[in-house]
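There are 2 protein chains.
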Amino acid sequence: MSILNAIQEKMESLHLKERALAEYLIKHPRQAVQMTITELAAQSGSSTATISRFCKTFHSQNFPDFKQKLATELVQQTAAPNRYQDIVAGNPLNEIVSAITANHLRSITDTTQVLDLNQLRLAIEALHRATRIDLYGSATSGIVAQDFFHKLIRIGKAAAAFSDPHLQLTSAASLTSEDVAVGISYSGETPETIHALRCAAEQGATTLSITRFGANTLADHASVRLFTSSAEVGMRRGDMASRMATLHVVDILFIGLVSEHFEQYVPRLELSYQTVKSYTSGKEERKNK
Amino acid sequence: MSILNAIQEKMESLHLKERALAEYLIKHPRQAVQMTITELAAQSGSSTATISRFCKTFHSQNFPDFKQKLATELVQQTAAPNRYQDIVAGNPLNEIVSAITANHLRSITDTTQVLDLNQLRLAIEALHRATRIDLYGSATSGIVAQDFFHKLIRIGKAAAAFSDPHLQLTSAASLTSEDVAVGISYSGETPETIHALRCAAEQGATTLSITRFGANTLADHASVRLFTSSAEVGMRRGDMASRMATLHVVDILFIGLVSEHFEQYVPRLELSYQTVKSYTSGKEERKNK
DNA sequence: TATATCATGAAAATTATTTTCTTATAATTA
DNA sequence: TAATTATAAGAAAATAATTTTCATGATATA
Chain U
1 MSILNAIQEK MESLHLKERA LAEYLIKHPR QAVQMTITEL AAQSGSSTAT
51 ISRFCKTFHS QNFPDFKQKL ATELVQQTAA PNRYQDIVAG NPLNEIVSAI
101 TANHLRSITD TTQVLDLNQL RLAIEALHRA TRIDLYGSAT SGIVAQDFFH
151 KLIRIGKAAA AFSDPHLQLT SAASLTSEDV AVGISYSGET PETIHALRCA
201 AEQGATTLSI TRFGANTLAD HASVRLFTSS AEVGMRRGDM ASRMATLHVV
251 DILFIGLVSE HFEQYVPRLE LSYQTVKSYT SGKEERKNK
Chain L
1 MSILNAIQEK MESLHLKERA LAEYLIKHPR QAVQMTITEL AAQSGSSTAT
51 ISRFCKTFHS QNFPDFKQKL ATELVQQTAA PNRYQDIVAG NPLNEIVSAI
101 TANHLRSITD TTQVLDLNQL RLAIEALHRA TRIDLYGSAT SGIVAQDFFH
151 KLIRIGKAAA AFSDPHLQLT SAASLTSEDV AVGISYSGET PETIHALRCA
201 AEQGATTLSI TRFGANTLAD HASVRLFTSS AEVGMRRGDM ASRMATLHVV
251 DILFIGLVSE HFEQYVPRLE LSYQTVKSYT SGKEERKNK
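Line by line, the protein sequences are chains U and L.
Mapping of the first sequence onto full-length UniProt numbering: residues 1 to 289, in sequence order.
Mapping of the second sequence onto full-length UniProt numbering: residues 1 to 289, in sequence order.
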């Protein structure tokens, strides 16, 4: 457990000056790690002796050691905080920025942890062998489907992304056992996507689901299942973190596919890149402002 | 730049004992940050005086300060590796996964660092006041524009996203000084997006660019400029990290907007969420598999 | 009320760090 | 080559930081 948490927990049992010190540490940890013991004594209203003793009760050799442990903790915290944060009113902008950053980082690392390499391998192999690839998703998941679609056509795959429920079904109905259908839905409960994937399965297509971790209907209907982290609680006001997580999975799928069949796909990727570049090369003159 | 890198670079110009110290630091940084200056002097074969002087040439106040900076750096390094990794052939799947994860984490943290809060504030205010919001972007940036569009309509903004060059211009031509045009392009050199944004500017609309960091044409034409980290080198085979970075900026813009005008936007957000839920509630029976 | 316990800070002791001063070595010039 | 200068680098002094000891006073307990 972290030092700051440990301090917070012990707060009740602390004596007068120790508590003053503890409160200062919790309020201004970043300043504290920059101070000498004398400065901290003055700022927190305690004494150097108290501080020195205090440090030893928190598993530190001495004050400098304590400072270093605390500093390390603070860095790690900014790098990967341990809770998703909800949007609240009128926070200062810099706090909003770090909250969103934290959420995104978290959702990516969590998703990586939840990833099943065997399912991933199956998914990659299925995509590689597929004659046609259908991608189904609504709203935000539709965006992800679009993104995947953009990627797949760059390597010459016959892919298509559908957000329209009727088109989804229309396309699904025409799939064969040679084909793959990918259903994307964070909740795993989007009816249209479920219908489409089920229809694809009935035609014999290989079905792949990308949903949040945990039991859900879409995953139930898929033969290969990929999951994202599911910790986005109370974050529905934008479902950004879930989209990041889903894109993360899509990226891994795509790069896995390209990497496993490097000779085949990379030249196409390069070609698509060069072609777009050459056709849109009417490069603007940059004016000096 | 990091301390260890700086030391590595200066290595050539260092004197005998300084070099011995530098080499020790590079070889055993983790041990070094745990030592006192006397211990380090003994271990590295230099003296306390040399170390003290050495620290000051590397932008540290004193030895403890140096130690703390170095320690922080080491933690950050393990938390977020410092280079973007390219896709290569036939890597084991788990390595691909961690490489992509590292790239995404990196691009998000880097983008956060590069973010200018003042420009952000201006952007948010402009979006808030806008009667109409136009979003322009091609290919991957078009996806991001779509995503932003989805977000904005949830809070009742008259927004529209355009990937089609003709439509972009058509819409841009009808903007007024009450409106905002957002040009999204990682390179900042997509001709169609530049044209559209310039056209919008000519109509008196407020123009906002979201591009990679550094001089680029699109940013030149914008009155408010937001940047993403630009370190994606040799990563064109998918431009995933850049898309993550751009989405990150869009998310921050959106949440910033909602948060600054909480009472106005949050009810709409809730309403859109509830409405979608109620209309698509024909929830499937989950079959037990 | 008397006694014991213990938090606390002042000050002493210890330890850590910086600075000064000196020396020896290397570089430069005559 | 010798003389001169510059400077790297450590010893030791000076300073700063930290810990420990010890005295005090407050609080709890008998």
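Cβ coordinates follow ideal geometry from the N, Cα and C atoms, glycine included.
| message | Residues of chain L with CB closer than 7 Å to the CB of residue 94 of chain U, please, in chain order. | response | 117
| message | Measuring alpha carbon to alpha carbon, tell me which residue in U:153, U:110, U:39 is nearest residue 130 of chain U. | response | U:153
| request: Leaving out five residues on either side along the sequence, give the residues of the same chain with a beta carbon under 7 Å from the beta carbon of residue 63 of chain L. | output: 37, 51, 52, 55
| task | Leaving aside the five residues before and after residue 114 of chain L along the sequence, list all residues of the same chain whose C-beta is less than 6 Å from its C-beta, in chain order. | result | 213, 227, 229
| message | Check for me: the alpha helix (DSSP H) holding residue 209 of chain U runs from which residue to which? | response | From DSSP, residue 209 of chain U is part of no alpha helix (DSSP H) but of the beta strand (DSSP E) over 206-212.
| query | Under a Cβ-count criterion, where at least 16 other Cβ atoms within 10 Å of its own Cβ denotes burial, should residue 265 of chain U be classed as buried or exposed? | reply | buried
| task | Identify every run of the beta strand (DSSP E) within the segment 152-206 of chain U, keeping only runs that are complete inside it and at least 3 residues long; order them along the chain. | result | 158-162, 180-184
| said: Suppose only complete runs of 4+ residues qualify. What are the alpha helix (DSSP H) ranges in the segment 54-81 of chain U, listed by chain order? | reply: 63-79
| task | Go ahead and label residue 104 of chain U buried or exposed: buried means 16 or more other beta carbons lie within 10 angstroms of its beta carbon, across all protein chains shown. | result | buried
| Tell me, which residues are paired with residue 228 of chain U by DSSP? | U:212
| field | C-beta neighbour in chain U for residue 246 of chain L, strict 8 Å | value | no
| field | Interfacial residues, the segment 117-135 of chain L to chain U, with Cβ spacing under 7 Å | value | 117, 120, 121
| Among residues of its own chain, excluding the 5 on either side of residue 22 of chain L, which ones have a beta-carbon nearer than 7 Å to its beta-carbon? | 7, 11, 14
| query | So, does the CB of residue 292 of chain U fall closer than 8 Å to a CB anywhere in chain L? | reply | Residue 292 of chain U lies beyond the stretch modelled for chain U, which goes from 1 to 289, so this question has no answer here.
| Is residue 115 of chain U helix, strand or coil when you go by DSSP? | coil
| task | Measuring only between beta-carbons, confirm whether residue 146 of chain U sits less than 8 Å from chain L. | result | yes
| message | Can you list, in chain order, the residues of its chain with a C-beta nearer than 7 Å to that of residue 60 of chain L? Leave out the 5 residues immediately preceding and following it. | response | 66, 69
| Three-state secondary structure (DSSP) of residue 14 of chain L | coil
| When burial is assigned at 16 or more other CB atoms within 10 Å of the CB, is residue 166 of chain U buried or exposed? | exposed
| request: Note down, in chain order, each residue of its chain lying with its Cβ closer than 7 Å to the Cβ of residue 97 of chain U, except the 5 sequence neighbours on either side. | output: none
| Nearest-angstrom Cβ-Cβ length linking residue 172 of chain U and residue 200 of chain U, presumed shorter than 8 Å | 4 Å
| request: Excluding the 5 residues preceding and the 5 following residue 73 of chain L in the sequence, name in chain order all residues of the same chain whose CB lies nearer than 6 Å to its CB. | output: 2, 3
| Considering only the beta carbon of each residue, do residue 185 of chain U and residue 193 of chain U sit closer than 8 Å? | yes
| Pairwise C-alpha distance: residue 39 of chain U and residue 29 of chain U | 13 Å
| said: Using the Cβ count rule (16 or more neighbours within 10 Å means buried), how would you classify residue 41 of chain U? | reply: buried
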